[in-house]
Amino acid sequence: MALGEQSGIRILIALGIIGLFGIITFALAAATLGTLNKRLDDLNQKIDTLNGQISSITGPLSTITTTSTAATTATTATTTTTTTTTTTTATTTTTTTTTTTDTTTTTTTATATTTTTDTTTTTTTATTTTTTGNPEA
């Protein structure tokens with residue numbers, strides 16, 4: 010055999026070995042991908058079964074949920090009573106003396122009392138409503 014033929018055979022053998030490793034690698038990758046795809050299908054089937062069981066208990070599931078709480082109302086009433094009493098006293102004394110030694114003294118007293126009562130009621134109402142969830146709903 011000539012030297013050139015041996016070199017060509019060696020190259021063909023090397024390419025054959027590299028090709029064989031390529032085929033084995035491709036087969037392993039395909040088997041791994043098939044196994045992963047089967048596992049994904051099994052998980053999707055289990056999720057569908059679980060969603061069906063939950064829906065039969067609580068109703069259908071939604072990806073968008075909104076939670077609202079009842080409005081909370083607080084009312085505060087304040088009553089203020091103001092009483093004002095004003096007393097006014099006026100005293101007038103008149104003394105009259107005549108020439109015959111008669112003295113007359115007149116005292117007049119006037120008293121006025123005024124009572125004013127003001128009542129003010131203030132009512133404050135605060136209402137709080139809380140809504141959480143999708144703001145676009």
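Heads up: the sequence shown begins at 10 in our numbering, then just goes up one per residue. A virtual CB, placed ideally from N, CA and C, is assigned to each residue, including glycine. All of these numbers come straight from a predicted model, not from anything done at the bench.
Task: At least three beta-carbon pairs within less than 8 Å, the segment 117 to 129 to the segment 86 to 98 - done: yes
TODO: Please state if the CB of T84 and the CB of T137 are separated by a distance shorter than 8 Å.
DONE: For this step, residue 137 is matched to residue 128 along the sequence shown. For this step, residue 84 is matched to residue 75 along the sequence shown. No.
Open item on the list: At the level of alpha carbons, what is the spacing between A146 and T92?
Closed with: Position 137 of the sequence shown, counted from the start, is the residue given in the question as residue 146. Position 83 of the sequence shown, counted from the start, is the residue given in the question as residue 92. Bear in mind that a pLDDT of 48 at A146, under 50, signals an unreliable position, so the number given afterwards is only what the model happens to contain. Answer to the nearest angstrom: the Cα atoms are 56 Å apart.
Open item on the list: Just to confirm my understanding: we take T96, look at its own chain, exclude 5 residues before and 5 after, and list those with CB closer than 6 Å. What are they?
Closed with: Along the sequence shown, one-based indexing puts residue 96 at 87. Here the set comprises T122.
Open item on the list: According to DSSP, is T34 part of a helix, a strand, or is it coil?
Closed with: For this step, residue 34 is matched to residue 25 along the sequence shown. Helix.
- [ ] Taking 8 Å as the cut-off, decide whether the C-beta atoms of T94 and T115 are in contact.
- [x] Here residue 94 corresponds to residue number 85 of the sequence shown, with the count starting at 1. Here residue 115 corresponds to residue number 106 of the sequence shown, with the count starting at 1. It is not a contact, given that the beta carbons lie outside the stated cut-off.
- [ ] Look at the alpha carbon of G43 and the alpha carbon of K55, and state the distance between them as a whole number of angstroms.
- [x] Position 34 of the sequence shown, counted from the first residue, corresponds to residue 43. Position 46 of the sequence shown, counted from the first residue, corresponds to residue 55. Looking at the two C-alpha atoms, the distance is approximately 19 Å.
Open item on the list: Just list the residues that DSSP pairs T78 with in beta bridges.
Closed with: The sequence position of residue 78 within the sequence shown is 69, counting from 1. Paired residues: none, contrary to the question.
Task: Rounded C-alpha distance that separates A38 from D57 - done: Numbered from 1 along the sequence shown, position 29 holds the residue referred to as residue 38. Numbered from 1 along the sequence shown, position 48 holds the residue referred to as residue 57. Between A38 and D57, the C-alpha separation is close to 29 Å.
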